[in-house]
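Here is the structure we will look at, set down as structure tokens.
Number of protein chains: 2
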Amino acid sequence: MKLLVVGSIALDSVETPFGSTSDALGGSAIFFGYAAAFFHPVQVVGVIGDDFPKEELDRMAARGIDMTGVEHAAGESFRWKGKYSYDLQNRETLDTRLGVFADFDPKLPDAYRQAKLVFLGNIDPRLQLRVLDQVDKPDFVACDTMNYWIEGQPDTLMQLLKRIDVLMVNDAEARQLSGDWNIYRAARWIRERGPKMVIIKQGEYGAVLIDDSGIFYVPAFPLEDVYDPTGAGDAFAGGFMGHLARTGDLSQANLRRAMVFGSTTGSFCVERFSVQRFQEVGVAEITARARSFGDLVHFDTDGF
Amino acid sequence: MKLLVVGSIALDSVETPFGSTSDALGGSAIFFGYAAAFFHPVQVVGVIGDDFPKEELDRMAARGIDMTGVEHAAGESFRWKGKYSYDLQNRETLDTRLGVFADFDPKLPDAYRQAKLVFLGNIDPRLQLRVLDQVDKPDFVACDTMNYWIEGQPDTLMQLLKRIDVLMVNDAEARQLSGDWNIYRAARWIRERGPKMVIIKQGEYGAVLIDDSGIFYVPAFPLEDVYDPTGAGDAFAGGFMGHLARTGDLSQANLRRAMVFGSTTGSFCVERFSVQRFQEVGVAEITARARSFGDLVHFDTDGF
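Chains A and B, in that order, are what the protein sequence lines are.
The numbering used here applies: residue 32 is where the first sequence begins, and numbers increase by one.
The numbering used here applies: residue 32 is where the second sequence begins, and numbers increase by one.
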């Protein structure tokens with residue numbers, strides 16, 4: 032099933048207690064694309080400036096990350112600069128330069144319009160809607176958002192909710208959107224407004240899928256060393272959607288497997304800066320880690 | 032296998048956004064005892080004042096919570112008064128009156144000394160050690176502690192660690208004790224100092240068991256309504272140890288089942304104030320909820 036993502040394409044400068052990067056590959060579409068491409072080719076919608084390193088485009092093309100739908104605009108690429116606290120629990124944005132992203136108006140090439148699986152990365156919900164309008168007949172649409180749009184574009188977000196299958200947000204976003212502290216009540220509130228499913232990402236704890244059939248919990252993979260949490264949520268989405276695209280199976284059982292692959296790619300993402308870890312590992316390592324989630328949660332009910 | 036707990040026996044006054052209690056049954060030994068007694072009789076070590084309601088002792092005896100080892104001292108029972116924030120994430124202690132607990136020096140009746148499973152609830156580690164000294168030959172000792180003792184009695188805690196099988200703490204406590212933010216490295220640090228296992232309780236997210244054989248993750252049971260988190264950790268410990276006592280099986284597979292029962296009793300605890308929920312439900316409801324954890328985490332690896 033054809034898989035499409037729209038999101039930011041950024042050059043990130045990130046400082047964590049373990050080191051720093053400067054103008055490294057980042058943005059929701061990039062983290063998503065790298066993670067998803069282990070499973071299935073991805074068509075990327077976004078915009079880059081004329082300072083964007085061409086060799087990165089070639090590397091991505093070689094991995095099945097199709098950047099032909101990415102607009103090349105005159106000016107600077109989107110840049111984000113942030114610093115994490117000693118415990119990686121909080122981050123401070125030091126600088127955001129929108130650059131060419133400021134005037135971004137997504138236009139899908141014909142080859143992209145047949146996408147069946149769509150991930151609307153965390154950008155202005157008006158742009159997310161505009162992308163959705165250009166896809167002929169998607170089977171499954173997932174969407175991320177953040178506090179900035181929940182506050183600034185609540186009406187657009189409500190329109191968007193009616194047209195998506197799954198909202199993927201973190202717990203703070205689910206709480207803010209619904210006005211309810213309890214994440215299960217928050218998920219109910221969201222599902223009453225459109226999406227059949229809600230996935231709530233809980234960072235180091237894992238993620239929860241809530242739909243009509245019930246609740247599925249996948250833990251985060253236990254890591255003794257986390258370098259940089261940037262992009263983990265998008266990498267989760269990439270593994271999740273990539274697995275669905277590869278299998279073409281939207282059954283409940285397969286959504287659960289997709290959650291496990293999402294948690295897997297999310298965990299690899301945070302082991303290095305930027306997309307470095309994705310450039311080191313292969314499908315075999317991804318699959319091996321995904322399998323190991325079984326042991327992490329397995330128990331038998333003998334004598335229950 | 033005989034099961035013993037030492038801990039506080041308190042009269043709690045708790046305020047949450049959903050209501051309040053006054054002088055309700057509380058304390059680590061009580062929450063533990065109520066949870067464990069669904070599985071196996073429990074011998075309780077502690078102290079109460081002459082204001083402690085006698086009818087509560089009778090109710091506990093009827094449930095298999097053996098209070099014959101509890102000292103009756105002249106004076107007031109231990110009292111704790113606390114208030115939770117709107118989201119139940121933080122609590123403020125408004126008042127602590129130690130009462131008879133101030134001079135508590137645990138003395139085990141002969142009938143208690145053969146205990147094979149021991150839970151050292153969160154009290155002064157010097158008292159925890161004194162209890163342990165009076166148990167003939169325990170097979171399995173679990174221990175809780177808190178920031179107050181980590182700061183005030185670090186040397187005693189280190190002695191204690193050498194004599195226990197599992198330390199059960201929350202993530203903040205594991206971090207403080209080890210000086211390491213990462214909970215898996217923190218667990219390694221703790222295990223290098225004595226206990227074969229560490230259980231890290233993560234509140235609304237669940238709990239993790241870490242031992243030589245690996246890592247086991249049990250989520251918290253998804254609840255749309257949480258009334259009062261007080262005692263959840265002790266109720267977790269009660270379900271965990273109660274299941275081990277009932278089965279007499281300390282295998283890895285059974286420790287995992289015990290984690291599931293712990294998460295189950297922890298979840299019932301928070302559905303009402305004090306031990307009210309434990310007085311409403313029966314073994315069948317406990318078991319049914321424990322079974323449902325399977326579906327909460329189950330996935331198959333077809334096509335992985």
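Glycine residues also receive a C-beta, built at the ideal position from the N, C-alpha and C atoms.
Run through DSSP, which three-state label would Pro156(A) get?
helix
Nearest-angstrom beta carbon gap, Arg216(B) and Glu255(A) [assumed within contact, 8 Å]
5 Å
Can you tell me where the alpha helix (DSSP H) with Asp326(A) in it begins and where it stops?
Start and end: Val314 to Val328.
Just to confirm, are Leu125(A) and Glu87(A) a CB contact at a threshold of 8 Å?
no
Please report whether the beta-carbon of Val328(A) lies at a distance below 8 Å from any beta-carbon of chain B.
Yes, Val328(A) counts as interfacial toward chain B.
Assigned secondary structure, Ser298(A) (DSSP; H/G/I helix, E/B strand, else coil)
In the structure shown, Ser298(A) sits in a helix (DSSP, three-state: H, G or I).
Going along chain A, which residues have a C-beta under 8 Å from Phe335(B)?
Arg288, Thr318, Ala321 and Arg322
In the structure shown, what three-state DSSP assignment does Trp220(A) receive?
In the three-state DSSP reduction, Trp220(A) falls in the helix class (H, G or I).
Answer yes or no: do Val200(A) and Lys232(A) have a C-beta to C-beta separation smaller than 8 Å?
yes
Closest residue to Phe330(B) among Ile246(A), Glu311(A), Gly77(A) and Pro226(A) (Cα-Cα distance):
Ile246(A)
Neighbour-count burial assignment, Gly210(B), 16 or more Cβ in a 10 Å radius
exposed
Please name the residue or residues paired with Lys112(B) in a DSSP beta bridge.
Ser44(B) and Asp126(B)
So the candidates are Phe324(A), Gly334(A) and Arg308(A); which of them puts its Cα closest to the Cα of Phe69(A)?
Checked all of Phe324(A), Gly334(A) and Arg308(A); the closest Cα to Phe69(A) is Arg308(A).
Under three-state DSSP, which class holds Pro137(B)?
coil
Return the Cβ separation of Gly152(A) and Ala284(A) in integer angstroms, given the expectation that the two are a contact with Cβ distance under 8 Å.
Rounded to whole angstroms, the Cβ separation of Gly152(A) and Ala284(A) is 26 Å, and the two are not in contact under 8 Å.
Can you pull the chain A residues whose beta carbon is under 7 Å from the beta carbon of Gly245(B), in chain order?
Asp326
In this structure, does DSSP put Pro250(A) in helix, strand or coil?
DSSP places Pro250(A) in strand when its eight states are reduced to three.
Residues of chain B with a CB under 8 Å from the CB of Gln233(A): which are they?
Tyr236
Since Leu163(A) and Arg144(A) should fall inside the 8 Å C-beta cutoff, what is the C-beta to C-beta distance between them, to a whole number of angstroms?
The pair is not a contact, with the Cβ atoms about 11 Å apart (cut-off 8 Å).
Under a CB-based cut-off of 8 Å, is Asn213(A) close to chain B?
yes
Close-in-space but distant-in-sequence residues of the same chain around Leu119(A) (CB under 7 Å, 5 per side omitted):
The answer, listed in chain order, is Thr47, Val257 and Pro260.
Check distances from the C-beta atoms of the region 248-264 of chain B to those of chain A and list, in chain order, the residues that come in under 8 Å.
Only those residues of the region 248-264 of chain B whose C-beta falls short of 8 Å from the nearest C-beta of chain A are listed: Tyr248, Val249, Pro250, Pro253, Leu254, Glu255, Asp256 and Val257.
As an exercise, report each continuous alpha helix (DSSP H) stretch of at least 4 residues that is fully enclosed by the region 38-88 of chain B, in chain order.
59-67
For the region 199-224 of chain A, enumerate the residues whose C-beta is nearer than 7 Å to any C-beta of chain B, in chain order.
For the region 199-224 of chain A, the set of residues with a beta-carbon nearer than 7 Å to any beta-carbon of chain B comprises Trp212, Asn213, Tyr215 and Arg216, in chain order.
Quick one: what's got a C-beta closer than 6 Å to Arg287(A)'s C-beta in the same chain, skipping five residues either side?
Answer for Arg287(A): Phe247, listed in chain order.
Would Ser39(A) be called buried (16 or more neighbouring beta carbons within 10 Å of its own) or exposed?
Ser39(A) comes out buried.
Please tell me whether Val306(A) and Tyr65(A) are closer than 8 Å, where the distance is taken between their beta carbons.
In this structure, Val306(A) lies near Tyr65(A), with their beta-carbon atoms less than 8 Å apart.
May I ask which residues mark the beginning and end of the alpha helix (DSSP H) holding Asn178(A)?
Note, Asn178(A): alpha helix (DSSP H), Asn178 to Gly183.
Beta-carbon of Asp167(A) versus every beta-carbon of chain B: anything under 8 Å?
no
What's the C-alpha gap between Leu188(A) and Pro156(A)?
6 Å
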